[in-house]
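**Student:** So that we are looking at the same thing, I have put the structure below in structure tokens.
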Amino acid sequence: MTAVQYFHRSEVFALELGGKFSSLQLGYHTYGELNEARDNVIWVFHALTANSDVLDWWSGLFGEGDLFSPKEYFIVCVNSIGSPYGSTAPEGLDFPKFTVRDVARSQLLLAEHLGIAKIKVAIGGSYGGSQALEFALAYSGTIDHLILIACSARETAWGIAIHEAQRMALTTDSSFGQAGGGQDGLKAARAIGLLTYRTSEAFIETQSEEDDRVDNFKAASYLQYQGEKIEARFNALSYYYLHRCLDTHNLGRDRGGIQKALAQIDCPTLCIGIESDKLIPPHLQKQLAEGIPQGQYTEITSRFGHDGFLIETEKLTHSIQDFLAS
Numbered sequence: 006m007t008a009v010q011y012f013h014r015s016e017v018f019a020l021e022l023g024g025k026f027s028s029l030q031l032g033y034h035t036y037g038e039l040n041e042a043r044d045n046v047i048w049v050f051h052a053l054t055a056n057s058d059v060l061d062w063w064s065g066l067f068g069e070g071d072l073f074s075p076k077e078y079f080i081v082c083v084n085s086i087g088s089p090y091g092s093t094a095p096e097g098l099d100f101p102k103f104t105v106r107d108v109a110r111s112q113l114l115l116a117e118h119l120g121i122a123k124i125k126v127a128i129g130g131s132y133g134g135s136q137a138l139e140f141a142l143a144y145s146g147t148i149d150h151l152i153l154i155a156c157s158a159r160e161t162a163w164g165i166a167i168h169e170a171q172r173m174a175l176t177t178d179s180s181f182g183q184a185g186g187g188q189d190g191l192k193a194a195r196a197i198g199l200l201t202y203r204t205s206e207a208f209i210e211t212q213s214e215e216d217d218r219v220d221n222f223k224a225a226s227y228l229q230y231q232g233e234k235i236e237a238r239f240n241a242l243s244y245y246y247l248h249r250c251l252d253t254h255n256l257g258r259d260r261g262g263i264q265k266a267l268a269q270i271d272c273p274t275l276c277i278g279i280e281s282d283k284l285i286p287p288h289l290q291k292q293l294a295e296g297i298p299q300g301q302y303t304e305i306t307s308r309f310g311h312d313g314f315l316i317e318t319e320k321l322t323h324s325i326q327d328f329l330a331s
């Protein structure tokens with residue numbers, strides 16, 4: 006495990022919607038060595054509540070012996086703006102609203118700082134895929150291969166409605182907005198989200214009872230457990246603002262619409278759908294592949310729904326290997 010590194014920018018960072026940060030900090034991890042040709046860079050965009058330690062949360066795809074090994078590649082993963090893991094993040098409800106486009110633009114500054122002018126593979130799933138799309142447009146001509154997993158060109162009404170339900174849960178906690186507050190609301194918001202990340206089939210298979218109990222159900226305990234896990238490692242303000250950020254995702258905004266924006270992506274792109282994904286269904290990845298000039302679509306099976314992009318690393322490895330080989 007490598008230590009988190011920090012990029013500091015003392016100048017004002019202007020935001021898309023008119024706000025600004027007086028300065029910018031990004032926490033990030035790197036693994037491996039940049040080769041002499043400087044052409045072995047893998048740039049990873051993390052999921053919503055993940056951090057920049059991609060070898061920890063995406064093992065099976067990233068790590069020694071995996072498809073993306075630090076022995077072969079120089080791997081970079083950056084904590085998103087708003088994340089509590091080292092980047093500029095909210096400390097109260099006066100934090101300016103930021104967009105996915107702002108997040109991608111901040112990472113361009115880090116790429117410049119690191120002297121990276123060429124990226125072999127840019128990859129992200131879910132929120133990471135939204136970042137990767139924006140990054141690909143902002144960094145046009147410098148990415149060899151783009152891999153998008155379980156994401157869409159625009160946040161859907163379904164996704165925004167789920168996020169609003171989560172924000173309602175957050176704000177019903179009377180301590181929300183205070184330093185260290187809102188953690189009970191965070192647990193409830195996470196439980197709402199988890200129901201959309203998984204499938205009913207997975208819950209029935211893994212959380213059903215084998216006796217005639219009338220209380221202390223496995224399914225209820227599992228949600229409580231997941232709530233306690235997020236409470237221990239995340240905070241309510243970051244959860245609130247990151248979901249607001251995700252709501253802004255619209256690749257076509259100020260670009261003449263989604264189709265015109267997708268047509269500007271100039272590298273071979275693999276779009277991977279998960280057949281059981283109820284949060285961001287596969288037809289949305291098919292739309293990406295159809296709109297990107299060099300887009301390809303493939304689909305994996307999983308009983309884990311949207312979370313399959315984190316869990317089904319063996320299936321993802323096979324799909325990505327085939328894509329890179331072609």
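Following the numbering used here, the numbering of the sequence shown begins with 6 at its first residue and continues without gaps. We treat Cβ as the ideally placed atom computed from N, Cα and C, and that holds for glycine. Bear in mind the structure is a predicted one, so any value in this text is a computation, not a measurement.
Give the single residue among Asp259, Leu251 and Ile47 whose Cα lies nearest to the Cα of Ala166.
**Tutor:** In terms of Cα proximity to Ala166, the closest of Asp259, Leu251 and Ile47 is Leu251.
**Student:** Return the CA-CA distance between Gln290 and Tyr302, expressed in angstroms with no decimal places.
**Tutor:** 7 Å
**Student:** What is the DSSP secondary structure of Gly186, counted as helix, strand or coil?
**Tutor:** Reduced to three states, the DSSP call for Gly186 is coil.
**Student:** From what residue to what residue does the alpha helix (DSSP H) around Phe181 run?
**Tutor:** That residue, Phe181, is in no alpha helix (DSSP H); it is neither H nor E in DSSP.
**Student:** Pull up the distance between the alpha-carbon of Ser135 and that of Phe222, whole angstroms please.
**Tutor:** Going from the Cα of Ser135 to the Cα of Phe222 covers about 36 Å.
**Student:** Quick one: Cα of His150 to Cα of Trp48, how far?
**Tutor:** 10 Å
**Student:** What is the residue span of the alpha helix (DSSP H) that Leu228 lies within?
**Tutor:** Lys223 to Arg238
**Student:** Mind checking which residues open and close the alpha helix (DSSP H) that includes Cys250?
**Tutor:** Ala241 to Asp252
**Student:** Say the cut is 7 Å; is the CB of Asp217 nearer than that to a heavy atom of the ligand MN?
**Tutor:** By its list of ligands, the structure shown contains no ligand whatsoever, and the ligand MN lies outside what it can speak to.
**Student:** One question on the structure: do Leu191 and Tyr230 come within less than 8 Å of each other, judged by their Cβ atoms?
**Tutor:** no
**Student:** Give the DSSP bridge partners of Val9, in chain order.
**Tutor:** BP columns for Val9 are empty, so no partner.
**Student:** Once the 5 residues before and after Pro95 are set aside, which same chain residues still bring their CB inside 7 Å of it?
**Tutor:** Once the five neighbours on either side are set aside, the close Cβ partners of Pro95 are Gly87, Leu242, Ser243 and Tyr246.
**Student:** Out of Lys25, His323 and Cys82, point me to the one whose CA is closest to Tyr33's CA.
**Tutor:** Cys82
**Student:** Go ahead and pull the three-state DSSP assignment for Glu295.
**Tutor:** The answer is helix: DSSP assigns Glu295 an H, G or I state.
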